[in-house]
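Accompanying notes for the structure given below.
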Amino acid sequence: MRDTPELSAFRSQIRSFVREQLPADIGQTVREGRQVSRGRMQAWHTILAKHGLLVPHWQAQWGGQGFSVAQQMVFDEEMALGDAPELNSITFDMIGPVLQRYGSAQQQQRFLPAIASGQQWWCQGYSEPNAGSDLASLSTRAERVDDHYRVTGSKIWTSYAQYADWMFCLVRTDRQARPQQGISFLLIDMKSAGITVRPIVGIHGWAVFNEVFLDQVEVPASLRIGEENQGWTIAKSLLEFERLKLARIGENKRRRARALAVAHSRREGGQPLADRPWFRERFAELDCRLMALEANAGRFIERAQAGEPIGAEVSMLKLRGSRLIQLWEELIVDALGPEALPLNDAWLLSQTGADTQDLIAGTASSRRFLARGFTIAGGSSEIQHNILAKQVLAL
Ligand SMILES: Cc1cc2nc3c(=O)[nH]c(=O)nc-3n(C[C@H](O)[C@H](O)[C@H](O)COP(=O)(O)OP(=O)(O)OC[C@H]3O[C@@H](n4cnc5c(N)ncnc54)[C@H](O)[C@@H]3O)c2cc1C
908 MRDTPELSAF RSQIRSFVRE QLPADIGQTV REGRQVSRGR MQAWHTILAK
958 HGLLVPHWQA QWGGQGFSVA QQMVFDEEMA LGDAPELNSI TFDMIGPVLQ
1008 RYGSAQQQQR FLPAIASGQQ WWCQGYSEPN AGSDLASLST RAERVDDHYR
1058 VTGSKIWTSY AQYADWMFCL VRTDRQARPQ QGISFLLIDM KSAGITVRPI
1108 VGIHGWAVFN EVFLDQVEVP ASLRIGEENQ GWTIAKSLLE FERLKLARIG
1158 ENKRRRARAL AVAHSRREGG QPLADRPWFR ERFAELDCRL MALEANAGRF
1208 IERAQAGEPI GAEVSMLKLR GSRLIQLWEE LIVDALGPEA LPLNDAWLLS
1258 QTGADTQDLI AGTASSRRFL ARGFTIAGGS SEIQHNILAK QVLAL
């Protein structure tokens, strides 16, 4: 979608902001594909919050600027292209909007200012060892005792739970009802007695995921969002808030830029890699896919801007956007060849005589494996295909 003159001016403004305000060390870490520490991420949150740009898509009442859908997309894109780290969508795009729509006045006052200031981090306790795609079969149970719940069970794949202050969690409050009807939505303080967080180190070497064990954890009933046993509706609506973002166009463009940086800094067969036919062919194919994704996302943005329903077909954005990120990461690894072996690999360094490995190369394999999760998280590709088949094509 072409920018309107207003959107183009807005884009320049965001671009300048990132260039001027993003701390150099954070930009460098992101450019090299490494993980930004919680402390540095916190510092970036503080800068964004000071300029009203941490939650610009929220309503003004809660510290936002009421950005339009198109502005949000441009904002995300410019942040990615300027090497800013991706913000935690669980905190800013999921629980924040849920609190705004379904939270009590007391819950809103308690949590929204803390989130908007960038100080409070959240994680999402939905999946369990036997409940992923089939989330309604979750079995973590919450028993009502006077004015609180006692929660027992376990969650898994909980991203960044080791850093989170709070977790929003789906629990079973009625074991007799139909699966979707016996679920409630609780806010749980991660410092509560009875919570154990065990990080899971993935094949990429990063501890993104965790297991979270809950053993008779006491949660005040005032921290339930919505009515008891009505949590499923809230759980599902949460996905709506970020459906357009799932095309991840900014994140795709970030990878495109990295692929280009690799191609321009390396040679193969006496030629710059960027001139090699195999690279050019693969790059062109992915670039076309990216243009198609952007054009498709543009159609949905126009509909959303006009206040029209965007429908189940928006699943195609998640399907295409997440796969395309994987294809960029694969291209980067293939372009680097043996250089993409893990960081500071002793054999590699002995071959090249270098002291340290180029950091983009050193993290390329990790990033490729990290991207593997994108077609699983937030509803796997198979589930997106099912949605499109049933709800759009009526098959
Ligand atoms: C990067 C990442 C981050 C995550 N972060 C979080 C988080 O913060 N909080 C959280 O709660 N969870 C999180 N998850 C978990 C995620 O929600 C689940 O992995 C996902 O819902 C799939 O569930 P599962 O792993 O149990 O796989 P399963 O549901 O067991 O699926 C296994 C395979 O079967 C396929 N399958 C399942 N059902 C069907 C069907 N009906 N038709 C066709 N194929 C089917 C799936 O596509 C998949 O290939 C994260 C996952 C990843 C990868």
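The number in this note's numbering is simply the position in the sequence shown, starting from 1, with 907 added. For every residue, glycine included, the Cβ atom is placed at its ideal position computed from N, Cα and C. Treat the numbers as computed from the prediction; the structure is a model and nothing was measured.
Problem - Where F974 sits in the DSSP three-state scheme - result: coil
Exercise for the section: To the nearest angstrom, report how far apart P1127 and W1073 are at their CA atoms. Expected result: 14 Å
Problem - Straight-line Cα distance separating E1220 from S935 - result: Checking the displayed sequence, the identity of residue 935 turns out to be Gln instead of Ser. Straight-line Cα distance between these residues: approximately 37 Å.
Practice task
Thinking L1121 and T1065 are a contact (beta carbons under 8 Å), I'd like their distance in whole angstroms, please.
Solution key: The Cβ separation is near 11 Å, so there is no contact.
Exercise for the section: Run the proximity test for A1284: is its beta-carbon closer than 7 Å to any non-hydrogen atom belonging to ligand 1? Expected result: yes
Handout entry: Contact under 8 Å by Cβ, A1071 with W1028
Key = The answer is yes: Cβ separation under 8 Å.
Practice task
Would you mind working out which of D990, L1019, A991 sits nearest D1000, comparing C-alpha positions?
Solution key: L1019
Exercise for the section: Enumerate in chain order the residues of its own chain whose CB-to-CB distance from S1061 is below 6 Å, with the five nearest sequence positions on each side excluded. Expected result: F1120
Problem - Given L961 as reference, the closest of V925, S1172, G1176, G1109 once Cα atoms are compared - result: V925
Exercise for the section: For S1034, count neighbouring C-beta atoms within 10 Å of its own C-beta (all shown protein chains included) and say buried if the count is 16 or more, exposed if not. Expected result: buried
Handout entry: A1268 to L1248 span [Cα, whole Å]
Key = C-alpha separation (whole angstroms): 8 Å.
Problem - Cβ-based neighbour list, G989, same chain, cut-off 7 Å, excluding 5 preceding and 5 following - result: Cβ neighbours of G989 beyond the five flanking positions: R922, V925, R926, L929.
Exercise for the section: Just the C-alpha distance for K1143 and G1244, rounded to the nearest angstrom, thanks. Expected result: K1143 and G1244: Cα-Cα distance of roughly 42 Å.
Handout entry: Simplified DSSP assignment, three categories, for P1216
Key = Reduced to three states, the DSSP call for P1216 is coil.
Exercise for the section: Go ahead and label G1089 buried or exposed: buried means 16 or more other beta carbons lie within 10 angstroms of its beta carbon, across all protein chains shown. Expected result: Burial state of G1089 is buried, judged by a 10 Å Cβ sphere holding 16 or more other Cβ atoms.
Practice task
Leaving aside the five residues before and after A1168 along the sequence, list all residues of the same chain whose C-beta is less than 7 Å from its C-beta, in chain order.
Solution key: I1267
Practice task
Please specify which runs of the beta strand (DSSP E), each continuous and at least 3 residues long, are wholly inside the region 1029 to 1089, giving them in chain order.
Solution key: DSSP runs (the beta strand (DSSP E)) wholly in the region 1029 to 1089: 1029 to 1032, 1048 to 1052, 1055 to 1063, 1073 to 1079.
Problem - CB-CB length for R1275 against E1246, believed under 8 Å - result: About 13 Å; that fails the 8 Å criterion.
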